[in-house]
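Here's the structure, in structure tokens; my notes come after.
Chains as they are written, first to last, in the working numbering: chain A, 79 to 160; chain B, 79 to 160.
Have a look at this one:
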């Protein structure tokens, strides 16, 4: 996601469109990127550290973006996606 | 995120670049969008249902994309973003 101090015109456009579309009560919208990485084998601390390094050096532009790395349970995703 | 059956050239490009960059053991990469919505007041079931509707009708293209809606704890984000 873009850092809070970086202007996000895409998010602002979405936010400004919402009341017109009948959705109130949303005070801010930010748009960003999301990467899903499928890892061979178990995701232990070493693998997670490597992925964090990868995110920091290649996937995110850390001058203007923050990132978080999170492990997802495939079963949980299957449940959530309808 | 793009549905599993939809080709994701951006994700593929990232995946193919990884071994060259010294990152092995990643079998798949998918790239997608992420929206952070700041809600006025508490996020109860009614608000969540509205947001799900909003995601389905305006933020995602459900012909080619799946989406998940998740409530984030601001404290948790502050912790994760270093």
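Where a beta carbon is used, it is the ideal one built from N, C-alpha and C, also for glycine.
On the criterion of 16 or more Cβ atoms from any shown chain inside 10 Å, does residue 107 of chain B qualify as buried, or is it exposed?
buried
Taking 8 Å as the threshold, find out whether the segment 90–100 of chain B comes into contact with the segment 91–107 of chain A through three or more Cβ pairs.
no
Going by other Cβ atoms of all chains shown within 10 Å of its Cβ, with 16 needed for buried, is residue 142 of chain B buried or exposed?
exposed
Note down, in chain order, all residues in the segment 105–125 of chain A with a beta-carbon under 8 Å from any beta-carbon belonging to chain B.
105, 106, 107, 108, 109, 110, 111, 112, 113, 114, 115, 116, 117, 118, 119 and 125
Residue 129 of chain B classed as buried or exposed, judged by whether at least 16 other C-beta atoms fall within 10 angstroms:
Residue 129 of chain B is buried by the Cβ-count criterion.
How about residue 132 of chain A: is its C-beta nearer than 7 Å to some C-beta of chain B?
yes
Can you tell me whether residue 115 of chain B is buried or exposed, with buried defined as 16 or more other CB within 10 angstroms of its CB?
buried
From residue 127 of chain A to residue 131 of chain B, what distance separates their C-alpha atoms?
36 Å
List the residues of chain A whose Cβ lies closer than 9 Å to the Cβ of residue 99 of chain B, in chain order.
132, 135 and 136
With 16 other Cβ atoms within 10 Å as the buried cut-off, status of residue 99 of chain A
exposed
In terms of alpha-carbon separation, which member of B:148, B:136, B:146 and B:147 lies closest to residue 97 of chain A?
B:136
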